[in-house]
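Line by line, the protein sequences give chains A and B. Residue numbers for the first sequence follow our numbering, so the first one is 1 and each next one is one higher. Residue numbers for the second sequence follow our numbering, so the first one is 301 and each next one is one higher. As structure tokens, the structure follows; a few thoughts come after it.
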Amino acid sequence: EVVSERPPELLLVPEDEPPELPPVLLLPPGVRNGYALLPPILKVLSDQRPHSWEGEAPRLQPDSRALRYMKRLYKMSATKEGIPKANKNHLYNTVWLLTPYAECKHHPKDQIKEDLRSVDLLFNLDRVTALEHLLKSVLLYSFDRSVFSSSAITCTCHLAVKENDPSGQVCPNVPQSITFNLHFELRRHKWVEIDVTSFLQPLIASNKRSIHMAVNFTCLKDDQHHNSKQGNSFNTALVPPSLLLYLNDTSEQAYRRWNSLRHRRKNPMWSRWRNNPLADSMKEMGTENMQNKRASRHRR
Amino acid sequence: DEDVKENQSAPTYNLSEYFKQFLYPQNECELHNFRLSFSQLKWDKWIIAPHRYNPQYCKGDCPRVVGHRYGSPVHTMVQNIIYEKLDSSVPRPSCIPAEYSPLSVLTIEPDGSIVYKEYEDMIATKCTCR
Chain A
1 EVVSERPPEL LLVPEDEPPE LPPVLLLPPG VRNGYALLPP ILKVLSDQRP
51 HSWEGEAPRL QPDSRALRYM KRLYKMSATK EGIPKANKNH LYNTVWLLTP
101 YAECKHHPKD QIKEDLRSVD LLFNLDRVTA LEHLLKSVLL YSFDRSVFSS
151 SAITCTCHLA VKENDPSGQV CPNVPQSITF NLHFELRRHK WVEIDVTSFL
201 QPLIASNKRS IHMAVNFTCL KDDQHHNSKQ GNSFNTALVP PSLLLYLNDT
251 SEQAYRRWNS LRHRRKNPMW SRWRNNPLAD SMKEMGTENM QNKRASRHRR
Chain B
301 DEDVKENQSA PTYNLSEYFK QFLYPQNECE LHNFRLSFSQ LKWDKWIIAP
351 HRYNPQYCKG DCPRVVGHRY GSPVHTMVQN IIYEKLDSSV PRPSCIPAEY
401 SPLSVLTIEP DGSIVYKEYE DMIATKCTCR
């Protein structure tokens, strides 16, 4: 029974809507649109026919390296029981790893075929909702250990973000672009993250649904010449990057991490713990616990 | 018992019955484990982590005099009195979760993208009567 000032409205579901919507009367007014936003796990929980997911179109399988990266992120962010870790540097409660849905490779005439130096990537942001606010965005490159034996590498990256605005604006904004060099030892690293937050923030804030990036990423081992064959096979092995979006979801279903962090900060016990996280405060807290237990038992 | 049988007329107090009400109640409202794996639900195709999920649940009787032990508001006691003395169609207070903890889930979307999300209130951690 819906208790609200306005009389409940009947939600008429047009015939061509997907059948998995719950019966019309179950949705209170104003929620119907929100239904499409429900995170996937809640869609399934709220679906009247739990097995309807099996009949769904086959899912595209993500790149195994991307999957491995996200599993590692999961381990860093949650305990074995799956409970989010309370880490004050970890302010996001949602991370999307998007793979480009379109790639346009450019082959400059004087370059050898199959060279990934210049590629246009298109990322689809349809799944990101307006309640998911961007905190940080990263282009994620993975290096295959078998090809990139341990050595020092210098990469040059030219990145341009273009507005993919179908509205046919007469004077589209000038694309933002940047060129920079990376120098690192591959021995320890397998991933390279390129922070593109400042590029994407205005686009995502203005609810752009598609991100168009032109990336020119070339790498050379320090002991190789520019045009040597080996240098080019080096670049050939580069896989186009994924796009990582760290977001703070403010919807009802999402964990309000910011609130819990603020709550902890107010709790003096927590501050004492934080300042002196060594054993004595543990012991102190332990003794306090014992005293508390004894007192309550005594009261009971 | 023998005393009771022999002289029905005189009221007697049975100590064992009396003390029984102070024993720790066996099926009182409390938190119960319920471990499940998403492969049981055939969801492991798209839920990558966690492998196991223990949402826990509350079950049991609410004691007649619901005191502060369950953090129950005074209304709970009033509802008990209504049930006992005025209208037994009004249900007794129920044993329900009072606090939850969040859960992190890693899923694969139909378009191949991967999402890590933390959901609120996915694991019951404390029970109450109300």
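Each residue gets a CB set at the ideal place from its N, CA and C atoms; glycine is no exception.
In terms of residue numbering, what span does the alpha helix (DSSP H) encompassing residue i cover?
i	result
A:Pro-202	197–205
B:His-375	374–381
Give the interface partners of residue i over in chain D, defined as CB-CB distance under 9 Å, in chain order.
i	result
B:Pro-363	Absent from the structure is chain D; the protein chains it does hold are A and B.
Looking at the secondary structure, which residues open and close the beta strand (DSSP E) in which residue i lies?
i	result
A:Leu-73	Taken as a continuous stretch (DSSP letters only), A:Leu-73 belongs to no beta strand (DSSP E), being part of the alpha helix (DSSP H) at 64–77.
B:Ser-415	Note on residue identity: the sequence assigns Val, not Ser, to residue 415 of chain B. Its beta strand (DSSP E) spans residues 414–429.
B:His-332	330–332
A:Asn-248	242–249
B:Thr-407	395–408
A:Val-95	94–98
A:Glu-132	132–142
B:Lys-359	357–359
B:Ala-349	347–349
Taking Cβ-Cβ distances shorter than 7 Å, what residues in chain B pair up with residue i?
i	result
A:Gln-253	Tyr-419 and Glu-420
A:Asp-195	Residues of chain B passing the Cβ test: none, with the nearest at roughly 18 Å.
A:Pro-240	Going along chain B, no residue has its Cβ under 7 Å from A:Pro-240, so there is no contact; the nearest lies around 13 Å.
A:Leu-203	Result: empty, since nearest Cβ-Cβ is about 17 Å, beyond 7 Å.
A:Tyr-74	Ala-349, Ser-404, Leu-406 and Tyr-416
A:Ser-77	Ser-404 and Tyr-416
A:Ala-66	Ile-414
A:Pro-84	Pro-402, Ser-404 and Glu-418
Which residue from the options puts its Cα closest to that of residue i?
i	options	result
B:Ser-389	B:Glu-418, B:Gln-379, B:Glu-317 and B:Gln-326	B:Gln-379
A:Ile-211	A:Pro-100, A:Phe-123, A:Val-119 and A:Asn-87	A:Phe-123
B:Lys-359	B:Ser-404, B:Gln-326 and B:Ser-337	B:Gln-326
B:Thr-425	A:Ala-205, A:Ile-83, A:Arg-127 and A:Asn-181	A:Ile-83
B:Ser-413	A:Pro-62, A:His-158, A:Leu-135 and A:Arg-257	A:Pro-62
A:Asp-195	A:Tyr-141, A:Lys-71 and A:Met-70	A:Tyr-141
A:Phe-180	A:Thr-197, A:Phe-199 and A:Leu-159	A:Leu-159
A:Ala-66	A:Leu-220, A:Trp-96 and A:His-90	A:Trp-96
A:Ala-214	A:Leu-244, A:Ile-178 and A:Leu-182	A:Ile-178
B:Pro-363	B:Ser-404, B:Val-415, B:Ile-423 and B:Glu-328	B:Glu-328
A:Thr-197	A:Tyr-74, A:Leu-244 and A:Phe-217	A:Leu-244
A:Arg-209	A:Thr-129, A:Glu-185 and A:Asn-216	A:Thr-129
B:Glu-399	B:Tyr-357, B:Pro-350 and B:Lys-345	B:Tyr-357
A:Ser-137	A:Cys-219, A:Ala-205, A:Cys-155 and A:Phe-217	A:Ala-205
B:Met-377	B:Pro-410, B:Phe-319 and B:Cys-429	B:Cys-429
A:Leu-121	A:Pro-240, A:Lys-75 and A:Leu-182	A:Pro-240
B:Val-405	B:Phe-322, B:Ser-337 and B:Pro-391	B:Ser-337
B:Val-365	B:Asp-411, B:Tyr-383 and B:Trp-343	B:Tyr-383
A:Glu-185	A:Cys-219, A:Cys-157, A:Thr-250 and A:Ser-77	A:Cys-219
A:Asp-249	A:Glu-132, A:Gln-201 and A:Asn-216	A:Glu-132
A:Ser-77	B:Glu-418, B:Arg-335, B:Leu-331 and B:Tyr-318	B:Glu-418
B:Gly-371	B:Trp-343, B:Lys-385, B:Pro-393 and B:Asn-314	B:Pro-393
A:Pro-203	A:Val-161, A:Asn-216 and A:Arg-127	According to the sequence displayed, residue 203 of chain A carries Leu and not Pro. Among A:Val-161, A:Asn-216 and A:Arg-127, the Cα nearest to that of A:Leu-203 is on A:Val-161.
A:Leu-139	A:Glu-252, A:Gln-201 and A:Glu-193	A:Glu-193
A:Ser-64	A:Phe-143, A:His-90 and A:Cys-104	A:Phe-143
A:Val-119	A:His-90, A:Cys-104 and A:Gln-201	A:Cys-104
A:Leu-125	A:Ser-251, A:Arg-256, A:Glu-252 and A:Asn-207	A:Asn-207
Would you grab the beta carbon distance between residue i and residue j for me? Rounded to a whole angstrom, and I think it's under 8 Å.
i	j	result
A:Ala-152	B:Glu-420	No, A:Ala-152 and B:Glu-420 are not in contact; Cβ-Cβ is about 46 Å, not under 8 Å.
A:Glu-81	B:Asn-333	Actually they do not touch by this definition, with Cβ atoms about 12 Å apart.
A:Lys-71	A:Thr-79	Actually they are not in contact, since the Cβ atoms of A:Lys-71 and A:Thr-79 sit about 15 Å apart, beyond 8 Å.
A:Tyr-92	A:Leu-135	5 Å
A:Trp-258	A:Tyr-69	In fact, because the Cβ distance is near 25 Å, the residues do not count as touching under 8 Å.
A:Tyr-302	B:Ala-349	The shown model of chain A, from 1 to 300, leaves out residue 302 of chain A, and the question about it has no answer.
A:Gly-242	A:Thr-99	Residue 242 of chain A is actually Ser in this sequence, not Gly. So it is a contact: roughly 5 Å between Cβ atoms.
B:Ile-408	B:Cys-427	That pair is no contact at about 34 Å.
A:Cys-157	A:Phe-217	5 Å
B:Ile-423	B:Leu-403	6 Å
Against residue i, what residues of chain B qualify as contacts under a CB-to-CB distance less than 9 Å, listed in chain order?
i	result
A:Leu-134	Here the premise fails: no neighbours, minimum Cβ distance about 14 Å.
A:Ala-130	By Cβ distance, chain B contributes nothing, its closest Cβ being about 16 Å from A:Ala-130, past 9 Å.
A:Asp-249	Lys-417 and Glu-418
So which residues on chain A does residue i lean against when the C-beta distance must stay under 8 Å?
i	result
B:Asn-354	Glu-81
I want to verify the contact list: residues of chain B whose CB lies under 8 Å from the CB of residue i, in sequence order.
i	result
A:Lys-71	Ile-348, Ala-349 and Leu-406
A:Arg-127	Glu-409, Asp-411, Ser-413 and Val-415
A:Leu-60	Pro-410, Asp-411 and Gly-412
A:Arg-256	Glu-420
Within 7 Å: the Cβ of residue i and any heavy atom of the ligand GTP?
i	result
A:Ala-214	In the structure shown, the ligand GTP is absent, as is every other ligand, since no ligand is present at all.
task: Please name the residues in the stretch 391–408 of chain B whose beta-carbon is closer than 9 Å to at least one beta-carbon of chain A, in chain order.
output: Ser-401, Pro-402, Leu-403, Ser-404, Val-405, Leu-406, Thr-407 and Ile-408
message: Output needed in chain order: residues of the stretch 87–98 of chain A with a Cβ under 7 Å from some Cβ in chain B.
response: Asn-93, Thr-94, Val-95, Trp-96, Leu-97 and Leu-98
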